[in-house]
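Take the sequence shown: its letter number 114 is residue 113 in numbering that gives the first Met the number 0, and every next letter is one higher.
We put the CB at the ideal spot given by N, CA and C, even for glycine.
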Amino acid sequence: MTEIVAVSSQSAAAKGAQAANGVGTAPPAPPLRLDKIERRYKEGAGALEVLTGANLTVNKGEMVALVAPSGAGKSTLLHLAGLLERPDGGEVYIGGLSAGKLPERERTRLRRLEIGFVYQFHHLLPEFTAQENIMLPQMLRGLTWAQAAERSMELLRYLKLGERAKHRPAELSGGEQQRVAIARAVANVPKLILADEPTGNLDPKTAHYVFDALSALVRASGLSALIATHNPELAARMDRRITLDDGKVVEM
Ligand SMILES: Nc1ncnc2c1ncn2[C@@H]1O[C@H](COP(=O)(O)OP(=O)(O)OP(=O)(O)O)[C@@H](O)[C@H]1O
Ligand SMILES: [Mg+2]
C-alpha cells in the first residue's frame, strides 16, 4: 500500500516553505491552518456573516469531522480551505504557506498537488471510464499515460474495483462511483483531503463501506482529512470532531 502513496508531489513552493520552516529542527507545518477566517455574503442591503473568525488546525495524519447544521457554513469553510474561494478576512495556510499571498497560478498548483476533494455527488466525468477519471488529474500533473494508467489500476484494485475499471460512471452503483471519486482525490498523493458530505447520498450500509475506503487510504498514506458529515456514526470514527457556532470553529 505504501507505494500507492509514496509518489512525491511536493511543489517547489511547499519545499521552500519547509526549508524556511527548518525541517529537521522544527516540526513540519500542519497541512491546513485557518487563522481568523471571515466570510460574508451580500444579502439585500446588509451582509450574511457566515464565518466570523474561524480558527482551525488540521495536523498531519489527523481525520477531523466537521459536524454542523445545514447552513452553518461547512461547505463555505471547505471551499476556503481548498483555495476555491478567498476569505474576506484572515488567512488560509496550506503546509505553512500563506495562500492569500500567492499568485493565482501557485494557488492552482497547490490545489492540484496538495489537496484532494471529494464531494457529495461524485462529479466524475460521464464520458470517461472509472480508470480514465482517476488518470486525468495525474496527467495534468505531468505523469505519462502509462504511469497514470498503472497507478489508477492500483488504486482501483485497492478499492476492490479492479473489475469496474472500464465502466463509465453511469454503469457504476452510487457507492462505486463514490469510491472512484475517492481514488481520484488521492491519485496525486495530496497532503490534505477535503470532503463535503462524501457519503451524503448513500444508504447507511454503503456509507460505512465508502467511509472505510476513504479512511483506509487516508490512514495508509498518513494523509490528513477534513470531512463534513451529517452522520454521527461516521463522525465518531474520526480523531476529532468540530462544529461551527456563530461562524467560529468549536471543538466538540
Ligand atoms: N454564494 C453564496 N451567496 C450567498 N449566500 C451564500 C452563498 N454560499 C452560501 N451562502 C449562504 O451561506 C450560509 C452557509 O452556507 P453553506 O453552504 O456553507 O452551509 P452548509 O453548512 O454547507 O449547509 P449544508 O449542510 O446544507 O450543506 C447559508 O446560509 C447559505 O445560504
Ligand atoms: Mg454544505
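Cβ neighbours of Ala148 within its own chain (closer than 7 angstroms, five residues either side excluded): Gln130 and Met134.
Beta-bridge pairing by DSSP links Tyr40 to Leu47. Pairing Val91 with Gln137, the inter-Cα distance amounts to about 25 angstroms. His121 counts as buried, since at least 16 other C-beta atoms from the protein chains shown sit within 10 angstroms of its C-beta.
Relative to the non-hydrogen atoms of ligand 2, the Cβ of Ser97 never comes closer than 7 angstroms to any of them. In the three-state scheme derived from DSSP, where H, G and I count as helix and E and B as strand, Lys100 is classed as helix.
Beta-carbon to beta-carbon, Leu222 and Val63 are separated by about 12 angstroms, too far to satisfy the 8 angstroms threshold.
Non-local beta-carbon contacts of His78 in its own chain, meaning distances under 7 angstroms to residues more than five positions away in sequence, involve Glu84 in chain order. Exposure of Ser97 is indicated by the presence of fewer than 16 other C-beta atoms within 10 angstroms of its C-beta. The Cβ atoms of Thr242 and Val66 lie closer than 8 angstroms to each other. Assignment of beta-bridge partners to Val57 by DSSP yields Leu31. In this chain, the beta strand (DSSP E) harbouring Gly88 covers Gly88 to Ile93. Beta bridge pairing from DSSP links Met237 with no other residue. Taking the CA atoms as reference points, Leu213 sits about 36 angstroms from Lys41. With respect to the 8 angstroms criterion, Ala164 and Leu155 are classified as neighbours on the basis of their beta carbons. With a 10 Å radius around the Cβ and a threshold of 16 neighbouring Cβ atoms, Pro168 comes out buried. Taking C-beta separations shorter than 6 angstroms and ignoring five residues to either side along the sequence, the partners of Leu233 in its chain run Phe210, following chain order.
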